[in-house]
Amino acid sequence: MILDAFRLDNRVALVTGAARGLGQALAIGLAEAGADVVVLDRLPVEETRARVEAVGRRCFGLEQDLRDVSAARAAEIVAGCAAEMGGLDILINNAGVIRRTPALEATEEDWSTVLDINLTAAFLLSQALARHLVAAGRGGKIVNVASVLSFQGGILVPGYTAAKSGLAGLTRALANEWAPLGINVNGIAPGYLTTELTAGLRSDPARHDVVLARIPAGRWGEPADAQGAVVFLASEAAAYLHGTIIPVDGGWLTW
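Residue numbering for the sequence shown follows this note's numbering, beginning at 1 and increasing consecutively.
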């Protein structure tokens with residue numbers, strides 16, 4: 001049955017940035033679809049782990065600051081997750097930070113931090129998982145959480161826009177190389193969701209109203225709004241999708 005293709009039973013997924021917000025919602029959505037989940041964050045992940053386990057799935061929590069991740073550490077994370085969970089099939093590169101400041105005032109430290117977490121860590125973890133899958137002789141799924149700013153410039157977020165634009169390009173590049181290996185690399189491009197990253201915008205009445213007025217759906221998105229797209233891309237229902245980035249934005253990019 002076609003609905004079975006959307007199930008993630010007997011799969012293990014690693015979700016980065018899963019302590020709260022979008023990452024937490026994605027971890028729960030994957031669990032509800034049948035996957036066991038590894039939740040990684042620099043913040044405590046006990047709440048997310050409890051909510052995944054409440055769905056009846058296994059969950060392993062891992063605290064890691066992705067600012068300091070290296071190729072060797074990424075390989076250790078993948079190997080450790082596979083050993084703990086009996087395998088690793090899916091990677092959701094969700095971890096991200098934002099620094100809101102005019103480009104004239106942005107510091108090198110801000111730039112490096114945003115690029116390291118949002119882009120470099122995603123590449124290193126993807127590379128580590130792909131090497132693991134190739135060694136095991138099987139395929140897998142990688143879903144990158146890009147942004148509507150992968151396609152637009154935004155304002156006051158030069159590092160974030162650069163990183164998310166790079167992540168969209170990386171998604172396509174890795175898809176080209178790894179499709180023949182049975183590894184699907186795709187992404188989503190969330191719009192303006194009610195997460196920590198948009199707290200500053202939502203607390204500014206002027207910016208809040210400007211953003212809301214441009215969203216055709218007439219509301220800010222919720223983290224749960226992205227669950228369906230990610231479960232789809234992580235499932236066999238998306239077996240012939242490579243390098244696709246699905247906007248989850250309430251119509252923002254069509255405006």
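Built from N, CA and C at the ideal position, the CB exists for glycine as well.
* To do: For VAL157, name the three-state secondary structure that DSSP assigns.
  => DSSP, reduced to helix, strand and coil, places VAL157 outside both helices and strands of the structure shown, so it counts as coil.
* Out of PHE60, ARG99, GLY159, state which residue places its alpha-carbon closest to the alpha-carbon of ALA83. => Closest in alpha carbon position to ALA83, among PHE60, ARG99, GLY159, is PHE60.
* Can you grab the Cα-Cα spacing for the pair ALA175 / GLU236, in whole Å? => ALA175 and GLU236 have their C-alpha atoms some 16 Å from each other.
* To do: State the start and end residues of the unbroken alpha helix (DSSP H) segment that holds ILE28.
  => Unbroken alpha helix (DSSP H) run through ILE28: 21 to 32.
* Asked: What are the boundary residues of the beta strand (DSSP E) that ILE77 is part of?
  -> That residue, ILE77, is in no beta strand (DSSP E); its alpha helix (DSSP H) goes 71 to 85.
* **With 16 other Cβ atoms within 10 Å as the buried cut-off, status of THR195** => By the neighbour-count rule (16 or more Cβ atoms within 10 Å), THR195 is buried.
* Cβ atoms of ALA168 and ALA199: under 8 Å apart, would you say? -> In this structure, ALA168 does not lie closer than 8 Å to ALA199 by Cβ.
* Asked: Any chance the segment 112 to 130 sits against the segment 47 to 54, with 3 or more Cβ pairs inside 8 Å?
  -> No, the segment 112 to 130 is not in contact with the segment 47 to 54.
* Hey, quick one: how far does the beta strand (DSSP E) through ALA189 stretch, first residue to last? -> Per DSSP, the unbroken beta strand (DSSP E) holding ALA189 starts and ends at 183 to 190.
* Where does the unbroken alpha helix (DSSP H) through ALA136 begin, and where does it stop? -> In the DSSP assignment, ALA136 falls within the alpha helix (DSSP H) that extends over 121 to 136.
* Asked: In three-state DSSP terms, what is GLY140?
  -> GLY140: strand per DSSP, three-state reduction.
* **The alpha helix (DSSP H) enclosing ALA229, as first and last residue numbers** => Taken as a continuous stretch (DSSP letters only), the alpha helix (DSSP H) holding ALA229 covers 227 to 234.
* **Rounded straight-line distance, which links the Cα of PRO44 to that of GLU63** => Taking the straight line from one Cα to the other gives about 7 Å.
* Put ASN93 into one of helix, strand or coil per three-state DSSP. => If DSSP states are grouped into helix, strand and coil, ASN93 belongs with the strands.
* Which residues in the same chain have their Cβ closer than 6 Å to the Cβ of LEU119, if we skip the five residues on either side of it in sequence? -> Cβ neighbours of LEU119 beyond the five flanking positions: ALA163, GLY166, LEU167.
* Using beta-carbon positions only, say whether ALA229 and ILE246 come within less than 8 Å of one another. => Yes, the pair counts as a contact, with Cβ atoms nearer than the cut-off.
* Would you report the Cα separation of ILE77 and ALA106, rounded to the nearest angstrom? -> Going by the C-alpha atoms only, they are around 32 Å apart.
* If we ignore side chains and look at the alpha-carbon of each, how far apart do GLY182 and ARG214 end up? -> Spanning the two alpha carbons is a distance of roughly 39 Å.
* Grab me the residues of ALA71's own chain with a C-beta within less than 6 Å of its C-beta, minus the 5 sequence neighbours each way, in chain order. => Correct list, in chain order: LEU124.
* Figure out for me which residue from PRO205, ALA135, VAL248 has the closest Cα to the Cα of GLY187. => That would be VAL248, whose Cα lies nearest to the Cα of GLY187.
* Going by Cα to Cα distance, which pick from LEU88, ARG58, GLY29, VAL231 is closest to VAL143? -> Answer by Cα proximity: VAL231.
* Asked: How should ALA103 be labelled, buried or exposed, when 16 other C-beta atoms within 10 angstroms of its C-beta is the threshold for buried?
  -> Burial check for ALA103: the Cβ neighbour count within 10 Å stays below 16, so the residue is exposed.
* Would you mind working out which of ILE90, VAL211, VAL114 sits nearest ASP65, comparing C-alpha positions? => Just measuring C-alpha positions, the residue of ILE90, VAL211, VAL114 sitting nearest ASP65 is VAL114.
* To do: Please report how far the alpha carbon of ALA239 lies from the alpha carbon of ASN184, in whole angstroms.
  => ALA239 and ASN184: Cα-Cα distance of roughly 7 Å.
* Asked: Which residues mark the beginning and the end of the alpha helix (DSSP H) in which GLU53 is found?
  -> GLU53 -> alpha helix (DSSP H) spans 46 to 54.
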